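Numbering (this note's numbering), first residue to last: 3 to 562. Contents: one structure, followed by commentary.
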Amino acid sequence: MSAVTTLAVPDEPEFRPVRRTGTGLVDLSDPLVDQFHNAIEAIGSDPAIADRAALMRLAIDCKYWELTNALLAPGYASVDYAAHHRTAWNWLHSIDQTRPRPMVMCLNRGGAKTTTLQLMLAQVAMMRLRPYCLYVQSTQTAAEGKVSDVGELLASPIMTAAYPDVASTYVTAKGTARDWRRARIRTRSGLTIDALGMDQAIRGAKVEDDRPGMIILDDLEEKHDTPYMTRKKIEIVTNAIIPAGAENVIIVYIQNMIHGDSMMAQLLDKRADFLSDRITVGPVPQVWDLEYEEQIPSDEDPRRYVVLSGQPSWAGLDLETTEKEMNDMGLAAFMSEKQHKEHVVEGDTFPSENWERVSFEAAWGTDYIWLARGWDLAATEKETSDFTVGCLIGIDQEYRATILHVARFRAHGTSVDDNIARVAAYDAQFFGSNQAVSIVIEKQPGAAGVTWEEDQAKLLAKYPVHHVPATGSKLVRAQSLSAEQQRGWVKLSGDMPGEGAGRQWTGPFVRELAAFPTGRHDDQVDAAATAYNWLRKKVRIQRRGRMGRGTQSGTTSDDW
């Protein structure tokens, strides 16, 4: 043990914390850190438990939480901490006996959320920071499982050697030992941890004279929570859990984003009026700026997703792991659980598997009876706003629709019209005539709409422009296209070859339509429905004139 005892700091009654940089990293030039590293080297690669325990006691006294975790749980510390992990740990080690600001963190599943909480709880036990903790999860069973895991951590060999009173059971004044149970841990050091589920009554929870000094809220919300369930859980948190805490209670809530109106979402966007002095972190996705593409399935190759680029938010989950998880879980589940993108969850209006995929060459080489590009306009270019979208649809000789292309951009004012004109010129160039592709735009209300249509008509004078009234809700307007798509009768062109804006459009299109009508954006749905409904009327007029109520190519006139 001689190597470890050299860590004593002369003329200081207590160990000072290790010095840290402005980003929260340990300052490697700190002499105290050098002493730690020398001690680790001296005790060897396979130190005795007593040596490791002595080192861990010194590390926790110096608030060197990285080294504490490396000794207590080497697997957790095998990958460098992400910035959000460091934020949480530095917050924990800034806490004294006063009430700290609550910590609210929105992290992806698999991002070491629960492991971080359990190790935090172990360090709270070592520091004797608070005597009583509530560990709250969505259900009692889940909470008991997590507390049981904490019990195994506290009873580990190194904890037994370093803090035997933390690793052993509570003994009553009469000398009776209290066994640890799944729902409660009581240690000889005086620490109590209770497992509590949101499905259990917990008002007024306390142990003897103690009220909870730490409340851990871990994954309170579940994927299929209804608005009523969300309101009920907020009521339980605000009326029962938070009031149960001591005056100096430590509150930490970690959860992934379930949906845009979840409790976590309301805390992040400041709609929530509880925990008002909270520190918020996130939402942190598994990969920042994730770009991927879907490979078109064939007889030889299955449907799968390929990750093109992105920056992992944590070194523990690299892009290779991300691609594997995306294909194992499926796109909707991955984007919801890992990326906080609840709007990609499949609905039943435009199921993604119902598109008839055709190659770009086949789609654009077809001789179409009619072509129309429907436009849905957005009047702002903010990053969070809807897009202005133009969806090009062709009707072939069998009266079947093919989605050929989607132009999508954020713009405002005259730049919207300029972009429409630019796309119209491209369509005319490809199809060989200014009259080949009709431009279909919903009418704008009021006198301002009339003026706008007149100005637009001048700019697009050489193209066939049709302003159509919007009738019914967005869902009603999309019904005809949805019905045909669900039957597998709507073709979808492959992406354009090469690189550049507007060429890789099918992925965002399929995802948005799959999420409709609950998704965050619906501009591509509106544009597609505008073009399809206008073309549908053209087909009905022609078929009535030529065929009456007959049939052709398996499609009845009622379909149109």
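By construction, the Cβ of each residue, glycine as well, lies at the ideal position given by its N, Cα and C atoms. As the structure is a computational prediction, the values presented were derived from the model and not from experiment.
Pick from the options that is closest to residue i, judged by C-alpha positions
i	options	result
ASP497	GLN506, GLY490, ARG489	GLN506
LEU462	GLU339, ALA426, VAL28, ALA516	ALA426
TYR66	ARG424, HIS39, GLU237	HIS39
GLU363	LEU394, PRO499, MET161	PRO499
SER495	SER278, LEU222, CYS64, ILE397	ILE397
ARG410	LEU270, ARG305, PRO510	PRO510
ARG130	GLY474, THR189, ASP221, SER264	THR189
ASP167	SER158, ALA157, SER191	SER191
THR70	VAL81, PRO76, MET58	MET58
ARG111	TYR78, GLY434, GLN257, ASP369	GLN257
ILE195	ASP221, GLN99, GLU237, ALA127	ALA127
GLU2	SER435, VAL35, SER482, ARG132	There is no way to answer for residue 2, as the model of the chain reaches only from 3 to 562.
VAL470	GLU486, LYS445, LYS464, VAL478	LYS445
ALA56	GLU43, ILE160, GLU486	ILE160
TRP536	ALA472, THR240, GLY490	ALA472
ASP369	ALA44, GLN526, TYR401, ASP29	TYR401
LEU269	PHE389, THR240, VAL251	THR240
TRP91	ARG22, ASP36, ALA533	ARG22
VAL254	ILE238, ASP221, ALA480, THR228	ASP221
ALA423	ILE405, VAL442, LEU406	VAL442
Residues near residue i by beta carbon distance below 7 Å, same chain, minus five either side
i	result
GLN437	PRO466
PRO19	CYS64, LYS65
ASP419	GLN458, LEU461
PHE433	LEU373, VAL439
GLN488	PRO353, ASN356
LYS343	MET337
LEU515	PHE352, GLN526, VAL527
Residues near residue i by beta carbon distance below 8 Å, same chain, minus five either side
i	result
THR143	GLY199
ALA459	VAL467
GLN120	LYS148, ASP151, VAL152, LEU155
GLN1	Residue 1 is absent from the structure shown; the chain starts at 3 and stops at 562.
LYS234	none
VAL81	TRP316, ALA317, GLY318
GLU358	GLY490, TRP491, VAL492, LYS493, LEU494
GLY367	none
ARG186	VAL149, THR194, ILE195, ASP196, ALA197
Continuous alpha helix (DSSP H) stretch holding residue i: start and end
i	result
PHE336	333-341
PRO33	33-45
MET58	51-63
LEU563	With the chain running from 3 to 562 in the structure shown, residue 563 is simply not present.
PRO363	Reading off the sequence, residue 363 comes out as Glu, not Pro. Its alpha helix (DSSP H) spans residues 362-366.
Endpoints, the beta strand (DSSP E) within which residue i is located
i	result
GLN313	306-314
TYR230	It is not in any beta strand (DSSP E) - TYR230 instead sits in the alpha helix (DSSP H) that spans 229-238.
ASP378	372-378
ARG410	403-411
LEU193	That residue, LEU193, is in no beta strand (DSSP E); it is neither H nor E in DSSP.
MET216	216-220
THR390	390-397
SER440	440-444
Cut-off 6 Å between Cβ atoms - residues of its own chain near residue i, not counting five sequence neighbours on either side
i	result
TRP93	MET105
VAL286	HIS86, LEU109, SER315
GLU68	none
ARG101	ASN250
ALA164	ALA55, MET58, ARG59
Any C-beta of chain B under 7 Å from that of residue i
i	result
LYS148	Protein chain content of the structure displayed is limited to a single chain, and chain B is not contained in it.
Any chance the region 283-294 sits against the region 127-146, with 3 or more Cβ pairs inside 8 Å?
For the pair of segments examined, the region 283-294 was found not to touch the region 127-146: the number of CB pairs separated by less than 8 Å stays below three.
List in chain order: all unbroken beta strand (DSSP E) runs of 3+ residues lying wholly within the region 111-185.
For the region 111-185, whole beta strand (DSSP E) runs of length 3 or above, ordered along the chain, are 134-139.
For the region 470-548, list the beta strand (DSSP E) runs that are entirely contained and at least 3 residues long, ordered along the chain.
Counting whole runs of 3 or more residues, the region 470-548 contains the beta strand (DSSP E) stretches 493-495.
Starting from the N-terminal side, write out each stretch of the beta strand (DSSP E) that is 3 residues or longer and does not extend beyond the region 78-105.
Entirely contained in the region 78-105, not one beta strand (DSSP E) run reaches 3 residues.
Where are the beta strand (DSSP E) runs, 3 residues long or more, that stay fully inside the region 224-296, in chain order?
Segments of the beta strand (DSSP E) lying fully in the region 224-296: 252-257, 281-286.
Is there contact between the region 368-377 and the region 259-278, where contact requires at least three CB pairs shorter than 8 Å?
With a cut-off of 8 Å, the region 259-278 and the region 368-377 do not count as touching, because too few Cβ pairs lie within range.
Cβ contact (3+ pairs, closer than 8 Å) linking the region 322-334 and the region 265-279
Output reads no: the region 265-279 does not touch the region 322-334.
Using 8 Å as the threshold, is the region 110-128 in touch with the region 347-361, meaning 3 or more CB pairs across them?
Short answer: they don't touch.
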